[in-house]
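Chains as they are written, first to last, in my numbering: chain A, 1 to 147; chain B, 1001 to 1141.
Built from N, CA and C at the ideal position, the CB exists for glycine as well.
Report on one structure; see the data block that follows.
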Amino acid sequence: MVEWTDFERTTIQDIFSKLDYEVVGPKTLARCLIVYPWTQRYFGNFGNLYNAAVIMGNPMVAKHGITILHSLDRAVKNMDDIRNTYAELSVLHSEKLHVDPSNFNLLADCLTIVVAAQMGKAFTGEMQAAFHKFLAVVVSSLRRQYN
Amino acid sequence: MLSKKERELISEIWGRLTPVAEDIGAEALLRMFASFPGTKTYFSHLDISFRSAHLLSHGKKIVLAIAEGAKDISQLTVTLAPLQTLHAYQLRIDPTNFKLFSHCMLVTLACHMGEDFTPTAHAAMDKYLSAFAAVLAEKYR
């Protein structure tokens, strides 16, 4: 069981309450596909991913980014049992989507950067550490059902 | 592989940050110590509290080295030769830590540059910092 301090709980709830999923989702996934182009391998049916501008304007990327953020929201609302909350998603990513779990960290890093850019100085080192821990738990839960 | 445009972008960004090297460097280090406490083990001989003299001077050193390398990326191995020796034979910092620092540097840049830290700039910077770290570790073995 993951132990969360009061600061960590508050920080995570706080940060996510400030995020507009319709904006942050698309930005995060687009950034991942641009900064780590090999991640595009999982999105062969998303149409044109030819360059940064096109990726940022791609509606399928945007829609999927929003889906991802809403999934993260479930983890935010179930911080004491992310493992079970994500059990099905883990099976999906492993058995159906065949996603290399290393990619989860790449997306997590991109989300961190998007949040940092939005919050500026307000995103302190301590908040970053709490955010990092949260995403590490999410990633670990997603990895869990791989075998 | 960095394109000509990316090299120019990187050189331009670091040129702009050189006057605040101390602040950027110290912030990146503090972020790294907060998120990755294992990295503090390399600093047991220094005072690395918020804006301590040691932290500021160390942060400044690191950022100035990164900025220097950015002036001519094709000459990275030449520019970093003395630092390569220092890290290989004296500091012997495990290279996995370079990744952790690079990540925190990217977060610092995002906080400072906001929307200006575009995905393109982010990609270029990530590539540059990876190349920098790789060159730094070259003499390890």
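| Query | Result |
| --- | --- |
| If you pair each beta-carbon of the stretch 1124 to 1139 of chain B with each one of the stretch 1081 to 1088 of chain B, do three or more pairs fall below 8 Å? | yes |
| Excluding the five sequence neighbours on either side, which residues of its own chain have a C-beta within less than 6 Å of the C-beta of A/I34, listed in chain order? | A52 and I55 |
| Ordered along the chain, which non-local residues of its own chain (more than five positions away) have a Cβ less than 6 Å from that of A/E8? | A130 |
| Should A/M60 be flagged as near chain B, meaning a C-beta pair shorter than 9 Å? | no |
| Should B/G1069 and B/G1025 be called a contact, given that it needs their Cβ atoms to be closer than 9 Å? | no |
| Take A/K121 as the anchor and find which of B/P1095, B/F1132, B/K1127 and B/R1031 has the nearest alpha-carbon. | B/R1031 |
| Can you tell which of B/A1067, B/K1005, B/F1036 and B/L1083 has its C-alpha closest to the C-alpha of B/P1019? | B/A1067 |
| Starting from the C-beta of A/L69, find all residues in its chain whose C-beta is less than 8 Å away, skip the five residues before and the five after it, and write them out in chain order. | L19, Y21, V24, G25 and T28 |
| Only counting the same chain, and skipping five residues up and downstream in sequence, which positions put a Cβ closer than 6 Å to that of B/C1104? | A1028, R1031 and M1032 |
| In angstroms with no decimal places, state the Cα-to-Cα distance between A/R143 and A/H98. | 12 Å |
| Taking Cβ to Cβ, would you say A/N103 is nearer than 9 Å to A/Y146? | no |
| Helix, strand or coil, according to DSSP, for A/V2 in the structure here? | coil |
| In whole angstroms, what separates the C-alpha of B/L1129 from that of A/V115? | 21 Å |
| Buried or exposed, going by whether 16 or more other CB atoms sit within 10 Å of the CB of A/N58? | buried |
| At a CB distance below 7 Å, what residues from the stretch 125 to 137 of chain A approach chain B? Give them in sequence order. | G125, E126, Q128, A129 and H132 |
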